[in-house]
Amino acid sequence: MTTLKSKLKDDLNAAIKERDELRSSTLRLTLTAITKEEVAGTAKRELSDDEVLKVITREAKKRREAADAFAKGGRAEQAAREAAEGELLAEYLPKQLADAELERIVAEAVAEARAAGAEGPRAMGAVMKIVNPKVAGQAEGGRVAAAVKKQLAG
C-alpha cells in the first residue's frame, strides 16, 4: 500500500474515533475515489503516491467548484461545508507555488520556447509542454495557462 493511502486510512480511523464527522466523511469519499481508480480498467492495481495525489487533487477541485456553485445558488451553508472539505483535502497536497515563482518559471519557459522558434498562438502549446512538468502538482492547469497567456501577450 502506498504511504499516502495508508496515511489517509490512519487519519480516517483517528477521525472516526474522535467523532469528527466532516473529516471522516471527506476521507471516506476520497478513499472511495482512490479505490474506484484502482479497479478501473481491465485489472485491479495499486496506485502510486503520485496517482493518489492526482485523485486527491481532483477531489479537492470538485469541492472548490461545488462550493462556488452553492455560493452562487444562495446555499451558503452547503458552500461552507464544501469549502471546508476542500481545505481539509488541501492538507494532503503539496504546497502550491506562489504567483511570483510561477511567473518566473513561465518567463523562463517562454524564453526557451521563443529560442526554439515558437511564436504566436503555437507558442502556447510549446510553453505549456515546458512548464507543466516543472509545476506538476504545485499549480492548477488553469492558473498555469493564465500565466502563460499573460507572458505571451506581454
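For any residue, its number in my numbering is found by taking its place in the sequence shown, counting from 1, and adding 337. Glycine included, C-beta positions come from ideal geometry on N, C-alpha and C.
Helix, strand or coil: how does DSSP classify Lys381 here?
Coil, per DSSP.
Determine the burial state of Glu414: buried for a count of at least 16 other Cβ atoms within 10 Å of its Cβ, exposed for fewer.
In the assembly as shown, Glu414 is an exposed residue. Its beta-carbon has fewer than 16 other beta-carbons within 10 Å.
Buried or exposed for Glu396, please, with buried defined as at least 16 other CB atoms from any protein chain shown within 10 angstroms of its CB.
By the neighbour-count rule (16 or more Cβ atoms within 10 Å), Glu396 is buried.
Could you name each continuous alpha helix (DSSP H) segment of 4 residues or more that falls completely within the segment 430-479, going from the start of the chain to the end?
436-452, 459-472, all fully within the segment 430-479.
Is the segment 417-430 in contact with the segment 441-455, if contact means three or more CB pairs nearer than 8 Å?
Short answer: they don't touch.
Distance check for Ala473 and Ala490, CA to CA, integer angstroms please.
Distance from the CA of Ala490 to the CA of Ala473, rounded to the nearest whole angstrom, comes to 23 Å.
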